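*Asks:* First, the structure itself, so that you have it in front of you.
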Amino acid sequence: MRYQLTCQNLKFKYSIKNNWLFNGISFQLAKGDIITISGASGSGKTTLLHLLSKVIPQVKTGVFHGKISVKGKNISKYSPPALAKEMGVLWQYPDRQLIFPTVELELAFYPENFNLPVNTIRDRIKRLLQEFAIEDLKDRDTTFLSFGEKKFVALTSLLTYNPDILLLDELTSGLSDKKEKLVVEKIKSLAEQGKAILIADNNPIIDKLSHKSINIEDYK
Ligand SMILES: Nc1ncnc2c1ncn2[C@@H]1O[C@H](COP(=O)(O)OP(=O)(O)OP(=O)(O)O)[C@@H](O)[C@H]1O
Ligand SMILES: [Mg+2]
Numbered sequence: 006m007r008y009q010l011t012c013q014n015l016k017f018k019y020s021i022k023n024n025w026l027f028n029g030i031s032f033q034l035a036k037g038d039i040i041t042i043s044g045a046s047g048s049g050k051t052t053l054l055h056l057l058s059k060v061i062p063q064v065k066t067g068v069f070h071g072k073i074s075v076k077g078k079n080i081s082k083y084s085p086p087a088l089a090k091e092m093g094v095l096w097q098y099p100d101r102q103l104i105f106p107t108v109e110l111e112l113a114f115y116p117e118n119f120n121l122p123v124n125t126i127r128d129r130i131k132r133l134l135q136e137f138a139i140e141d142l143k144d145r146d147t148t149f150l151s152f153g154e155k156k157f158v159a160l161t162s163l164l165t166y167n168p169d170i171l172l173l174d175e176l177t178s179g180l181s182d183k184k185e186k187l188v189v190e191k192i193k194s195l196a197e198q199g200k201a202i203l204i205a206d207n208n209p210i211i212d213k214l215s216h217k218s219i220n221i222e223d224y225k
């Protein structure tokens, strides 16, 4: 089976004089898999996602050992746009993810960058706004959305271009119960469609969804 994302014996620390933040993480994420990463605040969940998405070493640095492969190819061989096409990332802090003045423009960003036809973009945005029940947010300024609304819009924006792999940091933080239920159903259906999904979240509802759970604190 060709895995969408694998990591072998991953070790990381921010500085040479520190202890390993985590040491020896390995997993294989296939089409249709949901893996959750749990662990206390500060245990390294976001850091792991930074390694898996190349934020480390592209933006942040540290000491790193191990091998990460995306669709069978070493991650170091991917350019940032090539990796973004395969992997959509929901960041922990949505303020760093939303950059456009309206939700509609935000949702157009990825498909426009991937040169999808205008009609396809329009239809896709309309469908996603309906599916996620956020039609009322369409013309809203992203700056003034609540934290949960921002998180929700950022998640929706990833689905506008259909990446095969999804890395989702603190997926349920800030969501209302209703939106949390909707997200759970959506994640289930995305996995059934063959998406490979990795979620960093301590919410038991998310853990219940997953096929494999990794507690990062077991790798200290
Ligand atoms: N650029 C950096 N340089 C040095 N240390 C850092 C850096 N970024 C994060 N850290 C530290 O690394 C540890 C892991 O942080 P990380 O954000 O990965 O944890 P987390 O499990 O995602 O926490 P939370 O649940 O609060 O989001 C923390 O102690 C944090 O302070
Ligand atoms: Mg985090």
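The opening residue of the sequence shown carries number 6 in this note's numbering; numbering runs sequentially from there.
We put the beta carbon where it would ideally sit given N, CA and C, even for glycine.
Quick caveat: nothing in here was measured; it's all calculated off a predicted structure.
Determine the DSSP secondary structure at T41, reduced to helix, strand or coil.
*Replies:* strand
*Asks:* Taking the Cβ atom as the reference point for each residue, do I80 and K59 lie within a distance shorter than 8 Å?
*Replies:* yes
*Asks:* Please classify S151 as buried or exposed, where buried requires at least 16 other C-beta atoms within 10 Å of its C-beta.
*Replies:* exposed
*Asks:* Buried or exposed: F69, going by 16 or more other Cβ atoms within 10 Å of its Cβ?
*Replies:* exposed
*Asks:* Between S46 and ligand 1, is the CB less than 7 Å from at least one heavy atom?
*Replies:* For ligand 1, at least one heavy atom lies less than 7 Å from the Cβ of S46.
*Asks:* Report back the beta-carbon spacing between K225 and P168 to the nearest angstrom; my notes put them in contact at under 8 Å.
*Replies:* Here K225 is actually not in contact with P168; their C-beta atoms are around 31 Å apart, not less than 8 Å.
*Asks:* Does DSSP put Q102 in a helix, a strand or coil?
*Replies:* coil
*Asks:* Ligand 2 heavy atoms versus the CB of Q97: any closer than 7 Å?
*Replies:* yes
*Asks:* How long is the line joining the alpha carbons of P122 and L56, rounded to whole angstroms?
*Replies:* Going by the C-alpha atoms only, they are around 33 Å apart.
*Asks:* Looking at ligand 2, does it come within less than 7 Å of D174, judged from the CB to the closest heavy atom?
*Replies:* Result yes, Cβ under 7 Å from ligand 2.
*Asks:* Under 7 Å Cβ to Cβ from L176, same chain only, skipping five residues before and after it: list those, please.
*Replies:* L95, V188, I204, D206, I211
*Asks:* Tell me which residue opens and which closes the beta strand (DSSP E) that V270 is part of.
*Replies:* Residue 270 lies beyond the stretch modelled for the chain, which goes from 6 to 225, so this question has no answer here.
*Asks:* Between K50 and ligand 2, is there a pair consisting of the residue's CB and a ligand heavy atom that are separated by less than 7 Å?
*Replies:* yes
*Asks:* Would you say the beta carbon of Y19 comes nearer than 7 Å to a heavy atom of ligand 1?
*Replies:* A distance criterion of 7 Å places the beta-carbon of Y19 in contact range of ligand 1, judged by its closest non-hydrogen atom.
*Asks:* Hey, would you say the C-beta of K225 is under 7 Å away from at least one heavy atom of ligand 1?
*Replies:* no
*Asks:* Secondary structure at F149, three-state DSSP: helix, strand or coil?
*Replies:* Three-state result, F149: helix.
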